[in-house]
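A.B. asks: Got a structure for you, questions after.
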Amino acid sequence: MRNETLSLISSRRSHRAYEKTPLTQEQLDALLRAAVESPSAVNRQPWHFTVVRNQPLLDEMNAAVWEQMMKRDSNRRSPRFVDPDFHVFYHAPTVIFLSGMPDNPYTHIDCGIAVENIALAAESMGLGSVILGMPRDAFAGERADAFRQALHFPEGWDFAIAIAIGVPADTKEPHPVKEDRISFVD
Ligand SMILES: Cc1cc2nc3c(=O)[nH]c(=O)nc-3n(C[C@H](O)[C@H](O)[C@H](O)COP(=O)(O)O)c2cc1C
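Under my numbering, the first residue of the sequence shown carries the number -8, and numbering increases by one thereafter.
See below:
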């Protein structure tokens, strides 16, 4: 079966290179609308969205993630860190951070659903995105509280996930599917 929604889901990829072109306000509004319209357990909406276009701040967070990553044994590091030019945010013009409500069992699931809504909305507008878990390390180092404040996380809330968005400057094949991950019980 094919329809517009299924095609959109199939065409989304993680993009890891971006043009400098900023997002328009109209695009941002539509992405955030798609985000807040996501379902959530008991409709708690346990998310806060922070739109970051401040590249020096993203550079600081990239450095903080590098610092944490280099403290780990090399076998516990993402292989991306062998490239000294690797940037956690891929120089995307916009990154949306989701911080999550504490003490709520569904926070991470709900934030995951919201971030995928953003990714699909971006795809529908001809934009590219990549969901980012790695920035988590910036909230473990010495500057964790300073970053939480700079990103306006509500008091007591913490990093859940982020998503970089922009005009893609790369192409990517679909990821290989693990076919054995589906069972039917009739
Ligand atoms: C929760 C989550 C965290 C992720 N974190 C990162 C990340 O920090 N950096 C990155 O480059 N990709 C990250 N990704 C993207 C995955 O690597 C990507 O979705 C996967 O390889 C499948 O490729 P596709 O998105 O192109 O289908 C993340 C994806 C998810 C769902």
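Backbone N, C-alpha and C define an ideal beta-carbon position, used for all residues, glycine too.
Excluding the 5 residues preceding and the 5 following L111 in the sequence, name in chain order all residues of the same chain whose CB lies nearer than 8 Å to its CB.
C.D. replies: Start at 1 with the first residue of the sequence shown, and residue 111 comes out as number 120. If we look at L111 and ignore the five residues flanking it on each side, its Cβ neighbours are L(-1), I0, R3, A25.
A.B. asks: Are the region 24 to 38 and the region 84 to 97 touching by the rule of at least three beta carbon pairs closer than 8 Å?
C.D. replies: Judged by Cβ distances under 8 Å, the region 24 to 38 makes contact with the region 84 to 97, as three or more pairs qualify.
A.B. asks: Go ahead and label E114 buried or exposed: buried means 16 or more other beta carbons lie within 10 angstroms of its beta carbon, across all protein chains shown.
C.D. replies: Here residue 114 refers to the residue found at position 123 of the sequence shown. Burial call: buried.
A.B. asks: May I ask you to verify whether the region 84 to 93 touches the region 151 to 160, counting CB pairs closer than 8 Å and requiring at least 3?
C.D. replies: The region 84 to 93 is in contact with the region 151 to 160.
A.B. asks: Measure the C-alpha to C-alpha separation of R68 and D177 and round it to an integer number of angstroms.
C.D. replies: The residue you call residue 68 lines up with position 77 of the sequence shown. The residue you call residue 177 lines up with position 186 of the sequence shown. Roughly 42 Å separates the two Cα atoms.
A.B. asks: With a threshold of 8 Å, are at least 3 pairs of Cβ atoms found where one atom belongs to the region 128 to 142 and the other to the region 46 to 63?
C.D. replies: Cβ pair count under 8 Å is three or more, so yes.
A.B. asks: Excluding the 5 residues preceding and the 5 following L123 in the sequence, name in chain order all residues of the same chain whose CB lies nearer than 8 Å to its CB.
C.D. replies: Locating residue 123 in the sequence shown gives position 132, counting from the first residue. Cβ neighbours of L123 beyond the five flanking positions: V79, F80, V86, I152, A153, I154, A155.
A.B. asks: Can M60 and D128 be called in contact, C-beta distance under 8 Å?
C.D. replies: What you label residue 60 is simply residue 69 of the sequence shown in a count that begins at 1. What you label residue 128 is simply residue 137 of the sequence shown in a count that begins at 1. Contact flag set, yes.
A.B. asks: Can you have a look at F175 and say buried or exposed, based on whether 16 or more other CB atoms are within 10 angstroms of its CB?
C.D. replies: Here residue 175 refers to the residue found at position 184 of the sequence shown. Exposed is the call here.
A.B. asks: Taking a contact to mean a Cβ-Cβ separation below 8 Å, would you say T12 touches P126 in this structure?
C.D. replies: Indexing the sequence shown from 1 puts residue 12 at position 21. Indexing the sequence shown from 1 puts residue 126 at position 135. Not closer than 8 Å, so no.
A.B. asks: Pull up the distance between the alpha-carbon of E58 and that of R44, whole angstroms please.
C.D. replies: The residue you call residue 58 lines up with position 67 of the sequence shown. The residue you call residue 44 lines up with position 53 of the sequence shown. The alpha-carbon atoms of E58 and R44 are separated by roughly 22 Å.
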